[in-house]
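Presented below is the structure to which this report refers.
Numbering (the working numbering), first residue to last: 3 to 217.
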């Protein structure tokens, strides 16, 4: 196991030479990806740095949205691109907010903000005893805009939704997402621990393993 961990960054580098565009302008995601991809030896540049506008997310599945964003960034930059589509899926709400996590309150007539999204989530759960939920992440990596074999990886991070927010290290629904095994919300975790445990970390480890196979 130790040997694999030591060789994975070099393998990832050889499979992805040069810079890779991150198809996101979300500051929280940028921090997580910079830590995770930087540790793998991959040079990351954000789409905002290259003047790329955010892509539309018209699809009803995470994987289709992730692919659309990755292809959009690759097409406008000529570089390999990685994108994620992620969200919080709550069992009692039939999987909502799900693919609409970032626009949850906006779709209900409210504003597009973390505060509004969290308030609506807590309100919608008041009649439900079952608070089980998971964060879900799909990563899509394309080596060019028309890549016929994009690399896809996914990760799930299980927890439950709590009414009262705790912690200020995270973003999105993190202050309300409680992980029993860690006895903390995602927003209370040290960034290094979150980067080792989160749905994005799980998905990224799977993606790096795929890159290692291709090296």
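Ideal Cβ placement from N, Cα and C applies to all residues, glycine included.
So for residue i, helix, strand or coil by DSSP?
i: residue 88; result: strand
i: residue 136; result: strand
i: residue 183; result: helix
i: residue 166; result: coil
i: residue 56; result: coil
i: residue 151; result: coil
i: residue 142; result: strand
i: residue 157; result: strand
Considering only their Cβ atoms, is the gap separating residue j from residue i smaller than 9 Å?
i: residue 23; j: residue 65; result: no
i: residue 80; j: residue 146; result: yes
Quick one: Cα of residue i to Cα of residue j, how far?
i: residue 189; j: residue 30; result: 11 Å
i: residue 214; j: residue 72; result: 20 Å
i: residue 93; j: residue 180; result: 15 Å
i: residue 97; j: residue 144; result: 28 Å
i: residue 113; j: residue 100; result: 17 Å
i: residue 47; j: residue 95; result: 36 Å
i: residue 161; j: residue 52; result: 36 Å
i: residue 41; j: residue 21; result: 14 Å
Which word fits residue i, buried or exposed, when buried means at least 16 other C-beta atoms lie within 10 angstroms of its C-beta?
i: residue 206; result: buried
i: residue 182; result: exposed
i: residue 140; result: buried
i: residue 132; result: exposed
Start and end of the beta strand (DSSP E) containing residue i?
i: residue 48; result: 45 to 48
Mind checking which residues open and close the alpha helix (DSSP H) that includes residue i?
i: residue 21; result: Careful: residue 21 lies outside any alpha helix (DSSP H), inside the beta strand (DSSP E) at 21 to 24.
i: residue 33; result: 29 to 41
i: residue 66; result: 64 to 79
Does any residue of chain C have a CB that is nearer than 9 Å to the CB of residue i?
i: residue 140; result: The structure shown contains no chain C; it is built from a single protein chain.
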